[in-house]
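Here is the structure we will look at, set down as structure tokens.
Numbering (the UniProt record's numbering), first residue to last: 1 to 368.
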């Protein structure tokens, strides 16, 4: 069971946080794009397995209220890149798709589920290229007035080009849904890995924090705040390369601007958010501190059953370290979890912290 994002619990002040001991099903699937049903379903002549098709077709249609989006040409990272260039080698690796529809893909296992849609592993029927497909229901986007947020998510992710950020290949839509076609990473969410194997050691945790700091530093230099850093939004690929994903709450924020929208996941909210004050990009730095603590202990530092109690602990900086957390790791976490946003450690300094440098020789051969 995953933790609730703030948008899921804002109507209930006493909503419980997610259970940190819950363990998702992580059974191995040899061909992740396959549906684990009967051979008849897998070999059906329909474009996608019929149970999935029927489930997708249950929603009512309301296109008149939904913003019009033209079918994209793939790959969009090259077409929409604003500041970073894609190398010739990267271009060769991208799928050479034309205009797309759902019928162009074989739909596989569900990778994740959120309030506004689901993510599936899919295979392009013509090229065999495997991607992740985020499916969002138009009716829900309209219901929660998220048309602008969806457009912003597409624009922001299309403009990003970094080894620790998931690539958006493009998007398309039909009468009922919109689809984001993204990079697929074989090992899935970091949340599932932590729940299956328990807290990480210093070597693995420092590797992951270094990579996330790299990604956030890149985003902040482009004046983009992620605003929803958490384990569920970090995907693991080959050789422990990780990528930050889900830019639904991300926003372009010039340095002189401040924000007030409270968004993200309860356990990762900064003091300025829970106190409804203005904030800037340093909310991501705070979230990095929470993430570091959770990787090393298995639970967020301020987690409580009730939301209001969690808020009070965040505002009071009520953090307690287990005895097995190293002094270097504690030092980094405390420098990230500062009440005053101006006092939080800069991301470029995170990458040079003693905890990172002490463990870096064990994983730096990846060339990050």
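Using N, Cα and C, we set each Cβ at its ideal position, and we do this for glycine too.
To the nearest angstrom, how far is the alpha carbon of residue 299 from that of residue 321? Counting from one through the chain shown, the residue named residue 299 turns up at place 299. Counting from one through the chain shown, the residue named residue 321 turns up at place 321. Rounded to the nearest angstrom, the two C-alpha atoms are 11 Å apart.
For residue 287, which residues from the same chain have a beta carbon less than 6 Å from its beta carbon, with the 5 sequence-adjacent residues on both sides left out? As a working note, residue 287 is residue 287 in the chain shown. 229, 268, listed in sequence order.
Does the segment 193 to 203 come close enough to the segment 143 to 156 to have 3 or more Cβ pairs within less than 8 Å? Flag = no, the segment 193 to 203 and the segment 143 to 156 do not touch.
Environment of residue 306 [buried if 16+ CB atoms lie within 10 Å]: One-based indexing of the chain shown puts residue 306 at position 306. Counting Cβ neighbours within 10 Å, residue 306 comes out exposed, since fewer than 16 surround it.
Quick check: the segment 165 to 183 against the segment 123 to 139, are at least 3 beta-carbon pairs closer than 8 Å? At 8 Å Cβ cutoff, the stretches touch.
Have a look at residue 278 and residue 341 and give me their C-alpha separation to the nearest angstrom. Translated into positions along the chain shown, residue 278 becomes position 278. Translated into positions along the chain shown, residue 341 becomes position 341. Distance between the alpha carbons of residue 278 and residue 341 is about 11 Å.
Only counting runs of 3 or more residues, tell me where the beta strand (DSSP E) segments fall wholly within the segment 167 to 232, in order along the chain. Fully enclosed beta strand (DSSP E) runs of 3 or longer: 168 to 173, 177 to 182.
Would a C-beta distance cut-off of 8 Å place residue 289 and residue 216 closer than the cut-off? For this step, residue 289 is matched to residue 289 along the chain shown. For this step, residue 216 is matched to residue 216 along the chain shown. With a cutoff of 8 Å on beta-carbon distance, residue 289 and residue 216 are scored as not near each other.
Mind reading off the beta-carbon distance from residue 191 to residue 295? Whole number of angstroms is fine, and I expect it under 8 Å. Here residue 191 is taken as the residue at index 191 of the chain shown, counted from 1. Here residue 295 is taken as the residue at index 295 of the chain shown, counted from 1. Rounded to whole angstroms, the Cβ separation of residue 191 and residue 295 is 11 Å, and the two are not in contact under 8 Å.
Helix, strand or coil: how does DSSP classify residue 118 here? Residue mapping note: residue 118 aligns to position 118 of the chain shown, counting from 1. The three-state secondary structure of residue 118, taken from DSSP, is strand.
From 111, 275, 280, 240, pick the residue whose C-alpha is nearest to that of residue 254; which is it? Residue mapping note: residue 254 aligns to position 254 of the chain shown, counting from 1. The residue with the shortest Cα to Cα distance from residue 254 is 280.
Could you give the first and the last residue of the continuous alpha helix (DSSP H) run that contains residue 139? The residue given as residue 139 occupies position 139 in the chain shown. Where residue 139 is concerned, the enclosing alpha helix (DSSP H) stretches over 138 to 143.
According to the neighbour-count rule (16 or more other Cβ atoms, all chains shown, within 10 Å of its Cβ), is residue 238 buried or exposed? One-based indexing of the chain shown puts residue 238 at position 238. A residue is called buried when at least 16 other Cβ atoms come within 10 angstroms of its Cβ; residue 238 does not meet this threshold and is exposed.
So what's residue 247 in DSSP terms, helix, strand or just coil? For the purposes of this step, residue 247 is taken as the residue at position 247 of the chain shown. The three-state secondary structure of residue 247, taken from DSSP, is coil.
Cutoff 7 Å; reference residue 111; Cβ partners in own chain excluding five residues on either side: The residue you call residue 111 lines up with position 111 of the chain shown. Sequence-distant Cβ neighbours of residue 111 in its own chain, meaning closer than 7 Å and more than five residues away, are 119, 120, 121, 132, 188.
Whole-angstrom C-beta distance between residue 251 and residue 225, which should lie under 8 Å: Reading the chain shown from its first residue, position 225 is the one you call residue 225. Reading the chain shown from its first residue, position 251 is the one you call residue 251. Between the beta-carbon of residue 225 and that of residue 251 there is about 6 Å, and that keeps the pair under the 8 Å contact cut.
Excluding the five sequence neighbours on either side, which residues of its own chain have a C-beta within less than 8 Å of the C-beta of residue 194, listed in chain order? To locate residue 194, count along the chain shown from 1; it is residue 194. Excluding sequence neighbours, residue 194 sits near 200, 231, 294, 295, 298.
In terms of DSSP beta bridges, what is residue 131 paired with? As a position in the chain shown, residue 131 is number 131, starting the count at 1. According to DSSP, residue 131 bridges with 122.
From which residue to which residue does the alpha helix (DSSP H) around residue 150 run? Walking along the chain shown from the start, residue 150 turns up at place 150. In this chain, the alpha helix (DSSP H) harbouring residue 150 covers 147 to 158.
Residue 363 versus 127, 104, 210, 335, residue with shortest Cα-Cα distance: In the chain shown, counting from the first residue as 1, residue 363 sits at position 363. Among 127, 104, 210, 335, the Cα nearest to that of residue 363 is on 210.
Going by Cα to Cα distance, which pick from 114, 311, 126 is closest to residue 99? Here residue 99 is taken as the residue at index 99 of the chain shown, counted from 1. 126 is the residue among 114, 311, 126 whose C-alpha sits nearest the C-alpha of residue 99.
Can you list, in chain order, the residues of its chain whose CB lies under 6 Å from that of residue 48, leaving out five sequence neighbours each side? Residue 48 sits at position 48 when you count from the first residue of the chain shown. Its pLDDT being 31, under 50, residue 48 is placed unreliably by the model, and the measurement read from it follows with that caveat. Correct list, in chain order: 107.
What does the alpha-carbon distance come out to for the pair residue 284 and residue 302? As a first step, residue 284 must be located in the chain shown, where it is residue number 284. As a first step, residue 302 must be located in the chain shown, where it is residue number 302. Approximately 16 Å, taken between the alpha carbons.
Anticipated Cβ contact below 8 Å, residue 164 with residue 214, distance rounded: Here residue 164 refers to the residue found at position 164 when the chain shown is read from its first residue. Here residue 214 refers to the residue found at position 214 when the chain shown is read from its first residue. Contact check for residue 164 and residue 214: beta-carbon distance about 5 Å, within the 8 Å limit, so the pair qualifies.
Check each candidate in 304, 150, 275, 243 and name the one with the smallest Cα separation from residue 219. Residue numbering aside, residue 219 sits at position 219 when the chain shown is read from its first letter. For residue 219, the nearest C-alpha among the options comes from 243.
Can you tell me whether residue 112 is helix, strand or coil according to DSSP? Here residue 112 refers to the residue found at position 112 when the chain shown is read from its first residue. Residue 112 falls in the strand class under three-state DSSP.
Which same chain residues end up closer than 8 Å to residue 104 when comparing Cβ atoms and leaving out the 5 residues on each side of it in sequence? As a working mapping, residue 104 is identified with position 104 in the chain shown. 97, 124, 125, 126, listed in sequence order.
Have a look at the DSSP bridge pairing and note the partners of residue 100. Taking the first residue of the chain shown as position 1, residue 100 is located at position 100. According to DSSP, residue 100 bridges with nothing at all.
May I ask which residues mark the beginning and end of the alpha helix (DSSP H) holding residue 356? Counted from its first residue, the chain shown places residue 356 at position 356. For residue 356, the enclosing alpha helix (DSSP H) begins and ends at 354 to 359.
Selection from 354, 234, 347, 345 that minimises the alpha carbon distance to residue 166: Working through the chain shown from its first residue, we reach residue 166 at position 166. Distance from the Cα of residue 166 is smallest, within the candidate group 354, 234, 347, 345, for 234.
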